[in-house]
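These notes are about the structure you will find just below.
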Amino acid sequence: MTKIKAYAADNKDANLKPLEIERRETLKDDVKIDIMYCGVCHSDLHQVQNDWKNSVYPVVPGHEIIGKVLEVGAGVTKFKVGDLVGVGCLVDSCKSCSACEDNLEQFCENGATWTYNSKDKHLGGHTFGGYSESVTVNKEFVLKVPENLDPKAAAPLLCAGITTYSPLAHWGVKKGDKVGVIGLGGLGHMGIKFAHAMGAHTVMITTSPSKSEDAKKLGADAVLISKDEAQMKEHANSFDFLLNTIPVGHDMNPYAALLKRDATMVIVGAVEPLDPLHGGSLIMGRKSIAGSLIGGLKETQEMLDFCGENNVVSDIEMIDIQNINEAYDRLQKSDVKYRFVIDMKSLKNS
Ligand SMILES: [Zn+2]
Ligand SMILES: [Zn+2]
């Protein structure tokens, strides 16, 4: 085992602070990664604050990991020392259930191993995430990051990126489709970039007119202000697909009214109760509402390759690990455009 530096929260009210943690030795099928950058996802904050009632302390968050390969086990041929790689929300799964066989490890029926706050099969205890110097991960859960991408700005692709790419790909969004992205935050800004890169007519749907200019810079062709009833009426029954990134419970009825016949709205943000939905808004027009959770490893690699080809990365603000608590305060107020990324040099040099 190797002892390394990390940042952790001791309990739900605590600030994150330095903690020494252990990583396993590099096993036959393992890749040991020197962490260069780690994105700050809203889930990190939820886990630290125990919002989903499943946190185990100390929590070392971080599942948007970018780094360089430090060492590989004897059974690893796909990666070599020095490669630019990524690790997202998953570090292991059973590999034999129907979900795993379908390359949907995020839905592993025997319980996937999440990058942090999951049972650690090797060391006992629980897994520790990317707010740390290094991580050792089974080769099947390590991703190749295209070398033409800015590695800092690629970090958020590992969660925010795949969360928004997967539903657009799964529901077959294509050139010329009218796609609405609801909510402009860490997820929404990636949704706009992907829908735009896929050639869709991309509409930012937001409550705040002040976000219009930014949305257009990110690739939106138009902006629809959801509080404006006349505008909403004008766009009724016109969308081929809606990506709903609102992070909290809300009334979906006005958005369902925007869907075309047979079209789908996919929820990726709100992991909590939603307001009652009028059955008629789905029945009239055979509309669907669905959910989506990150993506499997195969699709995550496809997403990264798509980003390499289309030059898609996240808009980021770099921070040092020592400023993580301040960044959490700002994240809670949505005061970031659009993702904080931690420069892990600040941890190594501390
Ligand atoms: Zn995340
Ligand atoms: Zn499985």
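Residue numbers are given in our numbering: position 168 of the sequence shown equals residue 967, and the series is strictly consecutive.
Glycine included, each C-beta is placed from N, C-alpha and C at the ideal position.
All values derive from a computational prediction rather than experimental measurement.
Sorted by chain position, which residues of the same chain lie with C-beta nearer than 7 Å to residue i's C-beta, five sequence neighbours on each side aside?
i	result
threonine 1001	Val978, Val980, Ile991, Ala994, His995, Gly1018, Ala1019, Asp1020
proline 857	Ala807, Ala808, Asp809, Leu818
phenylalanine 940	Val886, Leu889, Val890, Asp891, Leu1096
Please name the residue in the options whose C-alpha comes closest to that of residue i.
i	options	result
histidine 1049	Pro860, Ser933, Ile1120, Gly982	Gly982
valine 972	Lys827, Phe1038, Tyr836	Phe1038
leucine 1146	Val855, Tyr856, Tyr930	Tyr930
glutamate 1071	Glu821, Leu1130, Gly861, Asp850	Asp850
glycine 987	Tyr1127, Lys974, Thr1005	Thr1005
lysine 827	Asp949, Gly874, Ser1007, Phe1040	Gly874
alanine 741	Lys811, Asp812, Cys837	This structure gives no information on residue 741, because the portion of the chain shown stretches from 800 to 1149.
proline 1046	Pro945, Val868, Ala959	Ala959
glutamine 1121	Asn1109, Lys1144, Gln1131, Thr963	Lys1144
lysine 974	Asn916, Met997, Ser965	Met997
proline 1135	Cys840, Asn814, Leu1076	The amino acid at residue 1135 is misidentified as proline; the sequence shows valine. That would be Cys840, whose Cα lies nearest to the Cα of valine 1135.
phenylalanine 1105	Gly872, Ser897, Ala953, His925	Ala953
If I'm right that residue i touches residue j with Cβ under 8 Å, what's the distance once you round it to whole angstroms?
i	j	result
valine 884	valine 830	7 Å
serine 1113	glycine 984	Wrong, their Cβ atoms sit about 12 Å apart, outside the cutoff.
lysine 1026	asparagine 902	With a Cβ gap of about 40 Å, lysine 1026 and asparagine 902 do not count as contacting.
arginine 822	isoleucine 803	6 Å
isoleucine 1150	isoleucine 1118	Nothing can be reported for residue 1150, as the shown portion of the chain is limited to 800 through 1149.
glycine 1084	arginine 1060	4 Å
threonine 914	valine 886	6 Å
isoleucine 1123	leucine 815	5 Å
leucine 922	glycine 1107	The Cβ separation is near 34 Å, so there is no contact.
aspartate 1013	alanine 999	About 19 Å; that fails the 8 Å criterion.
Pull the bridge partners of residue i from the DSSP assignment, please.
i	result
arginine 1060	None, per the DSSP bridge assignment.
arginine 822	Thr801
lysine 918	His925
histidine 989	Before going further, note that residue 989 is methionine rather than histidine in the sequence given. Methionine 989 is not bridged to any residue.
leucine 942	Gly885
glycine 979	Val1002, Leu1041
asparagine 1124	Answer is none; asparagine 1124 lacks a bridge partner.
threonine 912	Asp891
isoleucine 1066	Asn1043, Gly1090
proline 817	Tyr806
lysine 867	Asp833, Leu883
asparagine 937	Asp829
glutamate 1098	Glutamate 1098 pairs with nothing; no bridge assigned.
Cβ atoms of residue j and residue i: under 8 Å apart, would you say?
i	j	result
serine 1080	asparagine 1052	yes
leucine 1041	leucine 1023	no
alanine 807	valine 855	no
glutamate 819	leucine 957	no
tryptophan 970	threonine 1063	yes
glycine 866	glycine 928	no
valine 1111	alanine 1089	no
leucine 756	leucine 1103	Because the chain in this structure spans residues 800 to 1149, residue 756 falls outside the shown range and cannot be described.
cysteine 893	cysteine 907	yes
alanine 911	glutamate 900	no
lysine 938	phenylalanine 878	yes
valine 934	isoleucine 834	yes
threonine 1099	isoleucine 961	yes
asparagine 916	glutamine 1030	no
Can you find the residues in the same chain that come closer than 6 Å, C-beta to C-beta, to residue i, ignoring five residues on each side of it along the sequence?
i	result
glutamate 870	Thr825, Lys831
proline 955	Gly838, Glu863, Ser1113, Arg1138
aspartate 882	Val868
aspartate 843	Pro860
glutamine 848	Lys811
threonine 963	Leu986, Met989, Gly990, Phe993
glutamate 1125	none
Among residues of its own chain, excluding the 5 on either side of residue i, which ones have a beta-carbon nearer than 8 Å to its beta-carbon?
i	result
alanine 1035	Ala1056, Leu1057
Flag residue i as yes if its beta-carbon sits less than 8 Å from any beta-carbon of chain D, otherwise no.
i	result
alanine 1029	In summary, chain D is missing from the structure at hand, where a single protein chain is found.
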